[in-house]
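The working numbering puts the first residue of the sequence shown at 25, with every later residue one more than the last. Cβ coordinates follow ideal geometry from the N, Cα and C atoms, glycine included. Here is the structure we will look at.
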Amino acid sequence: MHFDDLREYIAKVDEFGEVERINGTDPHLELGTIYTINAQGPNPMLFLFDEIKGYQKGYRIATNLLGSRIRGRLARNIPLDLEGEDLAEFSHKRIYEKRGVPPEYVDTSPVFDNIMEGDDVDLARFPTPFWHELDGGIYLGSGSACITRDPDEGWVNMGSYRSQLFDRNHVGLHTAHGHHGQVIRDKWFEKGLDCPIVISLGQEPSLLVFSGNVEPWGVSEIDIAGYIRGAPVKVIKGPRTGLPIPASSEITLEAFIMHPDHEPMHLEGAFGESSGYYSHIGGHAAPTIRVDAVYYRNDPIITAQPPVRNGARDDASGEGRDGGEVGLTKTLTEAGFHDIRGVGHAGPFTVISVHQMYAGHAKRVADWFMSGAGGRPPRMLALVDDDIDPHDAREVFWAISTRIDPAESVHIYRDRWTSPTQPRPSPEKKEVPLEHGLTMGCVLIDALKPFAWKDQFPPTNDVSPELRQKIIEKWGEYLALEPERGRGR
Ligand SMILES: Cc1cc2nc3c(=O)[nH]c(=O)nc-3n(C[C@H](O)[C@H](O)[C@H](O)COP(=O)(O)O)c2cc1C
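Put into structure tokens, the structure is as follows:
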């Protein structure tokens, strides 16, 4: 199933009773706090805010687009009835058969129903909340799809980057260092040029999912969205930039990220982050975006997803973060590694489970991970043997607490690529120009049985799979069964 626009998606979500309409909120902290409390609750709804104080009725903000199992699946085109092994098989097939489906160019879209250009551009008419108490300003974009083109290679990138509203035709754009959007911007800057950009502020949900998804350099997230939704993304060629504008867009800004020699940088931030802290306290200098044209539907809907501490996870689909753990295993295999049982997460750890074939085998896998070749290195990585399910925190923590010798098994990797939103780097370190970022250390916990004497490691005190199965067959009616427990021992 796929959606041609956001309204169709909201109507479908409404059929499942997951839409709540809220009218009359104050955009200064009230709307944002309602959104936050909902997102932190047990069953976050899709809240659709209308009649926002100071703004025209019908100019709406849709929040929490993805934060439930049903919404996560509708947006990612995952059948609602798949569970267990069937779901795992579906995710596996989807990841392993992944390929780009290029967008389909069309001639028009309702997004051109209203047009503001040049001096007529007035972003102040769109509802723009002050979301968190210590934010440095009001934010128009927090669930957007931002589209740029590599000036040398010609491919089109899509990412989601927040936009603070500065004045009627200027916004900010926070592109963390190392994100493709930052690299593409700086390639234009190196040529002395402004970087053309399209910012869609509301769009059908697969575009939000894949704006936030990491794809390799050179791979267009628009093509991957087309693959996942099962139909090409419809786009229109932007009149000023030539960039593809999603036909499903509710509001599109056609704009340029201004070279700092052409327009001065502007303080951006602070902003509350999902890490649970504010980043960029006091603001940091970032290039300014000049908006040359705005296209918008009648009664447009902005999609907003500002960060919330311990908020609803956008991967509630049951598939994992876009099948990301399956994807990581595939990436490791493609990098030439073998005998990987899987990649999972337990508490603060990224966990790799390996069937060790020789001394140093698993550490090579960890070193590759920590190089940042497949994305930002995890802050804490744990290596475990293949008797440990990397998704099962109870098993992972048991391995960590029993198989490590802290004097030998803890490895520090210094000076790694990290997110600029990390709270821990010292104030001195944060004095570097944040547009190009920080580095930080990472830790590897080697919770493997040492290869040289793994066969002499004390046997595990647990029922063997064979005996377990035999007993369950005979006495199962008395046992509260945990299907996963004991697998792989
Ligand atoms: C709702 C949402 C908001 C996001 N906001 C930002 C942001 O403000 N700045 C940023 O650098 N990344 C942000 N991200 C993460 C990036 O969009 C994401 O890492 C993406 O893969 C980057 O794409 P790129 O490497 O193609 O540039 C956000 C993601 C989501 C889903």
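If you ignore the 5 residues before and after Ile313, its C-beta comes within less than 6 Å of the C-beta of Val195, Leu197, Ala279, Ile281, all in its own chain and listed in chain order. Each of Gly266, Leu232, Glu239, Arg264 was checked against the Cα of Arg253, and the nearest Cα belongs to Leu232. The Cβ atoms of Gly183 and His204 sit closer than 8 Å to each other. In the three-state reduction of the DSSP assignment, Lys258 falls in the strand class. Applying a distance threshold of 7 Å between residue Cβ atoms and the heavy atoms of ligand 1 selects Ser166, Gly167, Asn181, Met182, Gly183, Ser184, Tyr185, Arg186, His198, Thr199, Ala200, His203, His204, Gly205, Gln206, Leu232, Ser235, Gly236, Asn237, Val238, Glu239, Glu245, Gln329, Asp338, given in chain order. A contact is defined here as three or more CB-CB pairs under 8 Å, and the stretch 285–296 fails this definition with respect to the stretch 317–329. Of the residues assessed, Glu432 falls on the exposed side of the cut-off, its CB having fewer than 16 other CB atoms within 10 angstroms. Taking all protein chains in view, the Cβ of Trp212 is crowded by 16 or more other Cβ atoms within 10 Å, so the residue is classified as buried. At a Cβ-Cβ threshold of 8 Å, Pro444 and Ser303 count as neighbours. Considered as a whole, the stretch 403–486 harbours 404–409, 434–441, 463–470 as its complete beta strand (DSSP E) runs of no fewer than 3 residues, in chain order. Per the C-alpha coordinates, the member of Ile246, Thr265, Arg31, Ile162 positioned closest to Asp50 is Ile162. Residue pairing by DSSP places Met182 opposite Ile171 in a beta bridge. In the DSSP assignment, Ala279 falls within the unbroken beta strand (DSSP E) covering 275–281. For Asp38, the enclosing alpha helix (DSSP H) stretches over residues 30–39. Remark: C-beta atoms of Arg192 and Leu147 approach each other more closely than 8 Å. Assigned with DSSP and collapsed to three states, Gly226 falls in strand. The three-state reading of DSSP puts Glu109 in helix, counting H, G and I together. Annotation: Thr57 to His156 spans about 7 Å, alpha carbon to alpha carbon. Per the DSSP secondary-structure output, Gln188 pairs in a beta bridge with Tyr163. Annotated three-state conformation of Thr87 is strand, per DSSP. Here the alpha carbon of Pro331 sits roughly 13 Å from the alpha carbon of Ser187. Cα atoms of His369 and His415: separation of roughly 6 Å, rounded to the nearest angstrom. When Cβ pairs closer than 8 Å are counted between the two stretches, the stretch 70–77 is seen to touch the stretch 29–48, the count reaching three or more.
When secondary structure is reduced to three states using DSSP, Met381 falls in the coil class, being assigned neither helix nor strand. Looking only at Ile364, Leu106, Gly178, Asp247, the smallest Cα-Cα distance to Ile412 is reached by Ile364. The beta carbon of Thr353 is closer than 6 Å to those of Ile364, Gly366, Val367 in its chain, skipping five residues each way along the sequence. Within its own chain, the residues whose Cβ lies closer than 6 Å to the Cβ of Arg333, once the five positions on either side in sequence are excluded, are Gly300, listed in chain order. Here Val420 is not near Val434, since their CB atoms are 8 Å or more apart. The residues Pro68, Met69, Phe71, Asn88, in chain order, have a CB closer than 7 Å to that of Asn62 in the same chain once the five nearest residues on each side in sequence are set aside. Boundaries of the alpha helix (DSSP H) around Ile61: 54–64. Straight through space, the alpha carbons of Pro134 and Glu287 are spaced by roughly 32 Å. Under the DSSP assignment, Pro68 falls outside any alpha helix (DSSP H); it carries neither an H nor an E label. From the listed residues Ser272, Val145, Thr152, the smallest Cα separation to Tyr83 is found for Thr152.
Nearest in C-alpha terms to Gly216, of all of Pro284, Gly167, Gly236, is Pro284.
Of the candidates Pro220, Ser235, Ile428, the residue whose Cα lies closest to the Cα of Lys478 is Ile428.
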